[in-house]
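Take 188 as the starting number for the sequence shown in my numbering and just add one per residue. A virtual CB, placed ideally from N, CA and C, is assigned to each residue, including glycine. These figures come from a predicted structure and were not determined experimentally.
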Amino acid sequence: MYACCKICGGIVEQSVWLSVCGYLFHTECLECFHENSRKPCAGCGTNERDGCEHPLDMTYTAVCLRRASIDREDENHLVLWELFEEVLKLEAQWRRDIFLPELCVFLRAYYDEG
Numbered sequence: 188m189y190a191c192c193k194i195c196g197g198i199v200e201q202s203v204w205l206s207v208c209g210y211l212f213h214t215e216c217l218e219c220f221h222e223n224s225r226k227p228c229a230g231c232g233t234n235e236r237d238g239c240e241h242p243l244d245m246t247y248t249a250v251c252l253r254r255a256s257i258d259r260e261d262e263n264h265l266v267l268w269e270l271f272e273e274v275l276k277l278e279a280q281w282r283r284d285i286f287l288p289e290l291c292v293f294l295r296a297y298y299d300e301g
């Protein structure tokens with residue numbers, strides 16, 4: 188199971204932010220949330236809770252996630268690795284489709300022609 192950002196739902200890689208209420212966030216998602224919202228905590232704010240039950244100066248903590256190394260000899264690890272790579276590719280495609288829809292339409296038309 189992968190750890191996901193509470194805001195965008197994307198897989199969090201290594202350095203992320205952990206809210207006191209227990210959610211993980213990408214740095215850019217957290218910055219975007221606070222640029223557009225007056226709610227003091229993205230975890231509580233995205234759950235539509237009225238207020239935070241924790242001190243504002245201790246809302247987030249920077250954390251570094253560590254994963255076990257992949258054993259190239261273990262068949263299960265290789266299957267998981269391939270699935271992980273596929274998920275990352277799909278996530279990148281999803282982000283492109285959402286954030287760059289005009290480019291996506293242009294590229295699809297270009298490749299369909301040629």
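Worksheet item: Is the number of C-beta pairs between the stretch 200–207 and the stretch 279–295 that are closer than 8 Å three or more?
Response: Taking 8 Å as the limit for Cβ pairs, the verdict is that the stretch 279–295 does not touch the stretch 200–207.
Discussion item. For the stretch 204–223 against the stretch 291–301, do three or more pairs of beta-carbon atoms, one drawn from each stretch, fall closer than 8 Å, so that the two count as touching?
Written reply: Flag = no, the stretch 204–223 and the stretch 291–301 do not touch.
Discussion item. Taking CB distances under 8 Å as the criterion, tell me whether residue 222 reaches chain D.
Written reply: Included in the structure is just one protein chain, with no chain D present.
Discussion item. So if DSSP puts residue 204 in a beta bridge, which residue, or which two residues, is it bridged to?
Written reply: As a position in the sequence shown, residue 204 is number 17, starting the count at 1. Answer is 212 and 249.
Worksheet item: What does DSSP give as the partner residues of residue 192 in its beta bridges?
Response: Along the sequence shown, read from residue 1 onward, the residue named residue 192 stands at position 5. BP columns for residue 192 point to 211.
Worksheet item: Taking residue 212 as the reference, which of 222, 269 and 196 has the closest Cα?
Response: Within the sequence shown, residue 212 is the residue found at index 25, counting from 1. Residue 196 is the option with its Cα nearest to residue 212.
Item to complete: Report yes if the CB atom of residue 208 is closer than 8 Å to the CB atom of residue 198, and no otherwise.
Response: Counted from its first residue, the sequence shown places residue 208 at position 21. Counted from its first residue, the sequence shown places residue 198 at position 11. No, the Cβ-Cβ distance between residue 208 and residue 198 is not below 8 Å.
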